[in-house]
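Participant:
In the numbering used here, the protein residues as written are 10 to 349.
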């Protein structure tokens with residue numbers, strides 16, 4: 010009899026614990042792209058492992074940052090992902106907490122530059138990407154970022170607008186090629202401004218580039234490598250330039266929302282996302298390039314990603330603090346030197 014009572018007690022205790030776990034809800038804020046793929050690769054497997062519910066909110070960075078700020082005193086988001094500049098902006102506004110990396114078993118598997126990308130302990134990089142130059146190998150030779158400014162090429166080149174995520178890094182690389190890579194980007198903008206009437210366009214969406222390439226209106230354009238898959242499918246001789254300055258680098262990072270009631274669960278989700286199996290699966294599905302240096306993928310997958318130590322360690326990262334501190338000055342200078 011006592012054994013039956015004890016067994017029943019254990020059963021109800023276990024049932025109560027499971028019910029409690031099932032009732033846990035983690036709310037995350039992410040970019041809106043490839044969410045079906047993320048659901049298959051990441052969200053559902055995590056829910057199965059934690060026995061919890063994952064609520065996913067999407068939107069652009071401005072909208073998502075605004076929501077964090079509007080709910081600062083009573084957070085409705087537990088964890089978010091942003092660009093490094095937006096992650097730093099959130100930290101400066103007091104919207105995020107330090108991440109206890111001791112609770113991330115996969116932290117040491119990350120590239121060193123992804124571990125604390127803004128140097129404030131408030132973010133962890135989960136995907137990296139490079140920005141380089143896609144170009145027509147039959148029309149031109151590209152050995153330096155400065156080649157985009159040559160008279161014989163400029164009228165077949167598209168450059169990103171300064172308002173895009175690629176704008177600052179591209180100008181930084183052009184400045185580097187000219188030997189004038191100051192954070193105000195003034196010299197690079199002046200050089201671009203001198204040829205502003207020659208360039209085909211200053212694009213605001215990378216999706217424009219596929220059509221421009223296909224119609225042979227452009228021969229070259231700097232772009233994030235996430236756009237390479239679409240460009241490389243064109244029936245044209247297009248290559249990725251191996252410039253002497255290398256490629257620009259950037260990454261997206263995870264942040265922990267200050268005051269969240271589910272920080273422990275958020276840390277578990279972060280760790281799950283950073284794990285070698287998850288980072289490998291996400292890479293193989295061509296969703297994101299891995300920040301986990303232990304990931305191994307086939308060569309045909311690797312060429313479509315920002316992948317491997319040889320590639321990652323040669324990237325030039327424009328500090329997020331530079332982007333934040335100079336963003337308004339860049340726009341003012343761009344309007345004067347380029348957009349006039």
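Ideal placement from N, C-alpha and C gives every residue a C-beta, glycine not left out.
Does DSSP put residue 30 in a helix, in a strand, or in coil?
Facilitator: Locating residue 30 in the chain shown gives position 21, counting from the first residue. Unreliable positioning characterises residue 30 in this predicted model, as indicated by a pLDDT of 43, which lies under 50. The coordinate reading is nonetheless provided below. Here residue 30 sits in helix by DSSP.
Participant: Could you pull out every residue in the same chain whose Cβ sits closer than 8 Å to the Cβ of residue 95, ignoring the five residues on either side in sequence?
Facilitator: Locating residue 95 in the chain shown gives position 86, counting from the first residue. For residue 95, where only same-chain residues beyond five positions count, the Cβ hits under 8 Å are 70 and 74.
Participant: Comparing alpha-carbon positions, which option in 309, 269 and 262 lies nearest residue 98?
Facilitator: Translated into positions along the chain shown, residue 98 becomes position 89. Considering only alpha carbons, the answer is 262.
Participant: Which runs of the beta strand (DSSP E) spanning at least 3 residues fall entirely within the stretch 150-195, listed in chain order?
Facilitator: Correct list: 167-169.
Participant: Pairing CB atoms from the stretch 328-348 with CB atoms from the stretch 167-179, are three or more of them under 8 Å?
Facilitator: Verdict: yes, contact present.
Participant: What number of angstroms, rounded off, separates the C-alpha of residue 41 from the C-alpha of residue 67?
Facilitator: On the chain shown, position 32 is the one that residue 41 refers to. On the chain shown, position 58 is the one that residue 67 refers to. Those two C-alpha atoms are separated by around 5 Å.
Participant: Taking all protein chains shown into account, decide if residue 103 is buried (16 or more other Cβ within 10 angstroms of its Cβ) or exposed.
Facilitator: Numbered from its first residue, the chain shown carries residue 103 at position 94. Residue 103 comes out exposed.
Participant: Compute the distance between the beta-carbons of residue 4 and residue 127, then report whether it is under 7 Å.
Facilitator: It is not possible to answer for residue 4, since the shown part of the chain is limited to 10 through 349.
Participant: CA-CA distance, residue 291 and residue 314?
Facilitator: For the purposes of this step, residue 291 is taken as residue 282 along the chain shown, with counting starting at 1. For the purposes of this step, residue 314 is taken as residue 305 along the chain shown, with counting starting at 1. Computed Cα separation, rounded: 11 Å.
Participant: Is residue 138 helix, strand or coil when you go by DSSP?
Facilitator: Against the chain shown, residue 138 aligns to sequence position 129. The answer is strand: DSSP assigns residue 138 an E or B state.
Participant: Which whole-angstrom value is the C-beta distance of residue 211 and residue 163, which I expect to be below 8 Å?
Facilitator: Translated into positions along the chain shown, residue 211 becomes position 202. Translated into positions along the chain shown, residue 163 becomes position 154. At roughly 12 Å, the Cβ-Cβ gap does not stay under 8 Å, so residue 211 and residue 163 are not in contact.
Participant: Have a look at the DSSP bridge pairing and note the partners of residue 36.
Facilitator: In the chain shown, counting from the first residue as 1, residue 36 sits at position 27. Answer is 64, bridged to residue 36.
Participant: Pull up the distance between the alpha-carbon of residue 331 and that of residue 192, whole angstroms please.
Facilitator: Position 322 of the chain shown, counting from 1, holds the residue named residue 331. Position 183 of the chain shown, counting from 1, holds the residue named residue 192. When rounded, the distance between both Cα atoms is 7 Å.
Participant: Strictly by DSSP, which residues pair up with residue 247?
Facilitator: The residue given as residue 247 occupies position 238 in the chain shown. 145.
Participant: For residue 30 and residue 279, what's the separation of their Cα atoms in angstroms?
Facilitator: Reading the chain shown from its first residue, position 21 is the one you call residue 30. Reading the chain shown from its first residue, position 270 is the one you call residue 279. Below a pLDDT of 50, predicted positions are generally treated as unreliable, and residue 30, at 43, falls in that range; the measurement from the model is reported next regardless. Going by the C-alpha atoms only, they are around 18 Å apart.
Participant: Could you check how far apart the C-beta atoms of residue 218 and residue 230 are, in whole angstroms? I think they sit under 8 Å.
Facilitator: For the purposes of this step, residue 218 is taken as residue 209 along the chain shown, with counting starting at 1. For the purposes of this step, residue 230 is taken as residue 221 along the chain shown, with counting starting at 1. With 8 Å as the limit, residue 218 and residue 230 qualify as a contact, their Cβ atoms being about 5 Å apart.
Participant: Restricting to Cα atoms, I'd like to know which of 194, 268, 228 and 259 is closest to residue 80.
Facilitator: Within the chain shown, the letter at position 71 stands for residue 80. Selected option, being the one with the closest Cα: 268.
Participant: For residue 136 versus residue 178, is the C-beta distance shorter than 7 Å?
Facilitator: The residue given as residue 136 occupies position 127 in the chain shown. The residue given as residue 178 occupies position 169 in the chain shown. For residue 136 and residue 178, no; Cβs fall outside 7 Å.
Participant: Hey, would you say residue 215 sits closer than 7 Å to residue 198, going by beta carbons?
Facilitator: As a first step, residue 215 is located in the chain shown; it is residue number 206 there, counting from the start. As a first step, residue 198 is located in the chain shown; it is residue number 189 there, counting from the start. No, they are not a contact pair.
Participant: So, does the stretch 282-289 touch the stretch 144-161, judging by three or more C-beta pairs under 8 Å?
Facilitator: Counting Cβ pairs under 8 Å, fewer than three are found: no touch.
Participant: Would residue 323 count as contacting chain B if we go by Cβ distances under 7 Å?
Facilitator: Protein chain content of the structure displayed is limited to a single chain, and chain B is not contained in it.
Participant: So the candidates are 264, 238 and 336; which of them puts its Cα closest to the Cα of residue 311?
Facilitator: Reading the chain shown from its first residue, position 302 is the one you call residue 311. Here the closest residue by C-alpha is 238.
Participant: Would you tell me roughly how many angstroms separate the C-alpha atoms of residue 87 and residue 270, rounded to the nearest one?
Facilitator: Along the chain shown, one-based indexing puts residue 87 at 78. Along the chain shown, one-based indexing puts residue 270 at 261. Each residue's Cα considered, the two are about 7 Å apart.
Participant: Using the Cβ count rule (16 or more neighbours within 10 Å means buried), how would you classify residue 206?
Facilitator: In the chain shown, residue 206 corresponds to position 197, counting from 1. With fewer than 16 Cβ atoms within 10 Å of its Cβ, residue 206 is classed as exposed.
Participant: Consult DSSP for residue 91 and reduce its assignment to one of helix, strand or coil.
Facilitator: To locate residue 91, count along the chain shown from 1; it is residue 82. Three-state result, residue 91: strand.
Participant: Counting only the same chain and skipping the five closest in sequence on each side, list residues whose C-beta sits under 7 Å from that of residue 248.
Facilitator: Looking up residue 248 in the chain shown gives position 239. So the qualifying residues of the chain are 144 and 146.
Participant: Exposed or buried, what is residue 167 when buried is set at 16 or more other beta-carbons lying within 10 Å of its beta-carbon?
Facilitator: Here residue 167 refers to the residue found at position 158 of the chain shown. Classification of residue 167: buried, given that the 10 Å Cβ count is 16 or more.
Participant: I'd like the list of long-range same chain contacts for residue 113, defined as Cβ closer than 8 Å, with 5 residues on each side in sequence excluded.
Facilitator: The count along the chain shown starts at 1 and reaches residue 113 at position 104. 133, 276, 279, 280 and 283.
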